[in-house]
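If you read the sequence shown in the working numbering, its first letter stands for residue 4, the second for the next number, and so on.
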Amino acid sequence: MIELNNISKTFGMSQALKSVTLTLQAGKTTVLIGPSGCGKSTLLRLIIGLLEPDNGSVIFSGTPVVQKNVFSMRRKMGYVIQEGGLFPHLTARQNIILMARYLKWSVHSIKKRLDELLELTQFPRDGLERFPVQLSGGQQQRVSLMRALMLDPDVLLLDEPLGALDPMIRADLQTDLKGIFQRLKKTVVLVTHDIGEAGFFGDEIILFREGEIIQQGILEDLILSPADPFVTQFINAQRSSLETVKGDSI
Ligand code: ADP
Ligand code: MG
């Protein structure tokens, strides 16, 4: 579905990604994890074409993502960032339907899609007329998710979507999000720095350090057969988070 071939990206003196090669499986949830500054967000921005790699290529469903086709590619990908990225001067409804209106969808099609998304995300209909500041953090992220899903993209990219939420809201939204991913069967790439969250969501987990992939696999692989002492250090530093992984005793 998405292939990254020898991707490198440098900002000034710092190399954010060092020759990363990676295939993201269609219909699966891949989690990108690693310490702050290891290149996770940069990788998502390269996939969606907000940044261009210095070297290497991003191939989306067989087609290279290049400046020439970046806008048509981007419509096939939904993108949610940590702070939601909602336009503060637009209501929830206006935020969600912005692209569909730009693409001149009919009123009927917009309404139908919005109804589906409200049901999917369990967002209250009366919240649609509120501005982002009038919504809770969890509700804002549900609106961001609806906006990302509006055009029914093949791929959903989420950059620490739960990072700014308090623990109770976060747990609820984790469960709901996982249910949504399972229902939609889309290709999902989720960034987190929390190992418990990675285990909860990831069909596959990719652990980065300083712009390089250190290990790729399921959580058990990382725990039982670490590819590098760093893997164990990273996991042990978050033991308490692992104990809250739902449904799994590790
Ligand atoms: P992560 O999301 O894993 O925390 P990022 O991808 O945001 O990491 O950043 C990786 C590295 O690249 C960091 O050293 C960061 O400071 C640097 N970086 C990211 N974006 C820019 C930018 N636009 N300009 C300069 N440096 C950047
Ligand atoms: Mg980041």
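Glycine residues also receive a C-beta, built at the ideal position from the N, C-alpha and C atoms.
task: Check each candidate in Asn98, Leu161 and Met80 and name the one with the smallest Cα separation from Ala201.
output: The closest CA to that of Ala201, considering only Asn98, Leu161 and Met80, is found on Leu161.
- prompt: If you check the beta carbons only, do Ile99 and Met80 fall under 8 angstroms apart?
  reply: no
query: Excluding the five sequence neighbours on either side, which residues of its own chain have a C-beta within less than 6 angstroms of the C-beta of Ser136, listed in chain order?
result: The question names Ser, yet the displayed sequence has Val at residue 136. There are no such residues.
- prompt: Can you name, in chain order, every residue of its own chain whose Cβ lies under 6 angstroms from the Cβ of Gln219, other than the five neighbours on each side?
  reply: Within the same chain, Gln219 has close Cβ partners Ile209.
query: Got a sec? Which residues, its chain only, sit under 8 angstroms from Pro91 by beta carbon, not counting five neighbours each side?
result: Phe134, Pro135 and Val136
- prompt: Which value, in whole angstroms, describes the spacing of the CA atoms of Leu101 and Glu119?
  reply: 16 angstroms
- prompt: If you run the structure through DSSP and keep just helix, strand and coil, what is Leu138?
  reply: Coil.
field: Test item: CB-CB of Leu35 and Met4 under 8 angstroms
entry: Judged by beta-carbon spacing, Met4 lies beyond the 8 angstroms limit of Leu35, meaning their Cβ atoms are not closer than that value.
message: Just to confirm, is the Cβ distance from Phe203 to Ile217 under 8 angstroms?
response: no
field: Any heavy atom of the ligand ADP nearer than 5 angstroms to the CB - residues listed
entry: Taking a cut-off of 5 angstroms from the heavy atoms of the ligand ADP, the residues with a C-beta inside it are Phe14, Ser17, Ala19, Ser39, Gly40, Cys41, Gly42, Lys43, Ser44 and Thr45.
- prompt: Nearest-angstrom Cα distance between Phe126 and Leu176?
  reply: 12 angstroms
query: Candidates Lys114, Ser109, Arg96 and Leu46: which alpha carbon is nearest Tyr82's?
result: Leu46
query: First and last residue of the alpha helix (DSSP H) that includes Asn72?
result: Neither: Asn72 is in no alpha helix (DSSP H) and is coded neither H nor E.
Near the ligand MG: Glu223 beta-carbon under 7 angstroms from a heavy atom: no
C-alpha gap between Ile142 and Leu187, whole angstroms: Going by the sequence as given, residue 142 is Gln instead of Ile. Looking at the backbone, the Cα of Gln142 and that of Leu187 are separated by about 20 angstroms.
- request: Would you kindly report the start and end of the unbroken alpha helix (DSSP H) that includes Ile50?
  value: Taken as a continuous stretch (DSSP letters only), the alpha helix (DSSP H) holding Ile50 covers Lys43 to Ile50.
field: Continuous alpha helix (DSSP H) assignments of at least 4 residues falling wholly in the stretch 174-225
entry: 198-204
message: I'd like to know whether the C-beta atoms of Leu117 and Gly130 end up nearer to each other than 8 angstroms.
response: no
message: Any heavy atom of the ligand MG closer than 7 angstroms to the beta-carbon of Val83?
response: Checking the Cβ of Val83 against the ligand MG gives no.
message: Using CA atoms only, rank isn't needed, just tell me which of Cys41, Gln236, Gln144 and Glu122 is closest to Asp169.
response: Gln144
query: Apart from the five residues just before and just after Thr94, which ones in its own chain have a Cβ nearer than 8 angstroms to its Cβ?
result: Leu131, Glu132, Arg133 and Phe134
query: Taking all protein chains shown into account, do 16 or more other C-beta atoms lie within 10 angstroms of the C-beta of Gly250, making it buried, or fewer, making it exposed?
result: Caution applies to Gly250, whose pLDDT of 49 falls short of 50 and renders its modelled position unreliable; the value that the coordinates give is listed next. Under this definition Gly250 is an exposed residue.
message: Let me make sure I understand the geometry here. Which of Thr33, Gly87 and Ile10 has the alpha-carbon closest to that of Thr24?
response: Ile10
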